[in-house]
Amino acid sequence: MNLSELAKYIGDEEKAEEALLELGVLKRYTKCPICGENRIGRVRRTKYKCYCCNKEWGVRRGSVLAGLKIPFTKFLMAIKLFELDTSVRESAKQLGLAYNTVYRLYHILRHAIVITDTNYQSFSGEIEMDESYFGGRRKGSRGRGAAGKVPVFGILERGGKVTVEVVPDVKGDTLLELAIKKVKRGSLIYTDRFRSYNGLVSYGFKHRRIDHGKRFANGKVYINGIEGFWSFAKERLMKYHGVKPTKFPLYLKELEFRYNHRDRDLFADLLQLLVGYSLVACTE
Ligand SMILES: [Zn+2]
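Here's what the structure looks like:
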């Protein structure tokens, strides 16, 4: 959905509310959540009322919007701005919202991405695996040179999707455990010559190694798919100077999501993540 389609889609508060109900982001109440009777109706602009127990509740009850003080129209626009990679500061300015309100919504979106991660054994076929280091000032290689950097392990299915995880270290056991968790046995895995990938074969994977120096010389033996993701991720993360280490996994998963949804309508996919999302799920 582009901006001009979005403007029509959103319309006014009423239309935006209907759109959110239609998507399931707002709950459509057909009976009273307190007594269970179905004699309910709308009262005033933002409430439902039960004519049996006389209780009232807000239209935002039970949805991600319950704790967000933000009109429906601006909520939808803020998600569009997130899709467009607009900073919190700029979005707040464009929407006339408080910085903290937009910050909170952005955090919710990243959190929703993390908790809906469904990568369990879903990778198969031709797979590339590689590790990379993020953050820190110095260029460094594996081991001592990488001090202060965060190691990230990546798995990419050729012609498909990628999954990345912050890992405590790049030892064989650590990487193999993730490989087993995410990749179907029997898949063909390409890696470089790093020793931590020894052992893939004994867990039922096919394994081929490449030499970085001559990776284009051997036909299909390359790992430039995952390396493409690393440059995509690093370029984007440059924008977020000083992402706190505790928040880094959230940003990383956001990039994974963006990469995996690159040919889709990201706006629609982000909204879909918020169906059934309740603020209780988000601890921060
Ligand atoms: Zn009732």
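Reading the sequence shown from the start, the letters are residues 30 to 313 in my numbering. Ideal placement from N, C-alpha and C gives every residue a C-beta, glycine not left out.
In this structure, DSSP gives E42 a helical state, which the three-state scheme calls helix.
For S161, the enclosing beta strand (DSSP E) covers residues E155 to F163.
Only residues of its own chain outside the window of five on either side were considered, and among them R187 and L217 have a CB closer than 6 Å to the CB of E155, listed in chain order. As DSSP reads the structure, Y128 sits in no beta bridge. Distances from the alpha-carbon of G201 to those of T192, G189, C81 and R222 put R222 closest.
Using a C-beta cut-off of 8 Å, the region 253-260 makes contact with the region 157-165, since at least three inter-stretch Cβ pairs fall below that distance. L266 and Y280 do touch by the CB rule: their CB atoms are close to 6 Å apart, below 8 Å. Put simply, the residues with a CB less than 6 Å from any heavy atom of ligand 1 are C61, I63, C64, E66, C79, C81, C82 and K84, in chain order. T102: member of the alpha helix (DSSP H) spanning F101 to E112, first to last residue. In this structure, the CA atom of V117 is about 7 Å from the CA atom of Y128. A straight line joining the alpha-carbon of N289 with that of I144 spans about 16 Å. Judged by DSSP in its simplified three-state form, T275 adopts coil rather than helix or strand. The beta carbon of I142 sits closer than 7 Å to those of K282, E283, F286 and L302, all from its chain and outside the five residues before and after it, given in chain order.
Under the three-state reduction of DSSP, Y219 is assigned to strand. Using a Cβ distance threshold of 8 Å, I137 and V93 count as a contacting pair. Going by beta carbons, A48 and Y38 fall inside the 8 Å limit.
Excluding five sequence positions before and after G91, the CB atoms of its chain that fall closer than 6 Å to its own CB belong to K56, given in chain order. H290 sits in coil when the DSSP states are folded into three classes, being neither helix nor strand.
A straight-line Cα-Cα distance of about 17 Å links I69 and L50. Residue state for R57 is assigned as coil, using DSSP reduced to three classes.
When secondary structure is reduced to three states using DSSP, K213 falls in the coil class, being assigned neither helix nor strand. Judged by DSSP in its simplified three-state form, G254 adopts helix.
Annotation for F296: the continuous alpha helix (DSSP H) segment containing it runs L295 to L302. Excluding its 5 nearest sequence neighbours in each direction, A208 has C-beta neighbours in its own chain below 8 Å: M158, I184, I218, L229, Y232 and F234, listed in chain order.
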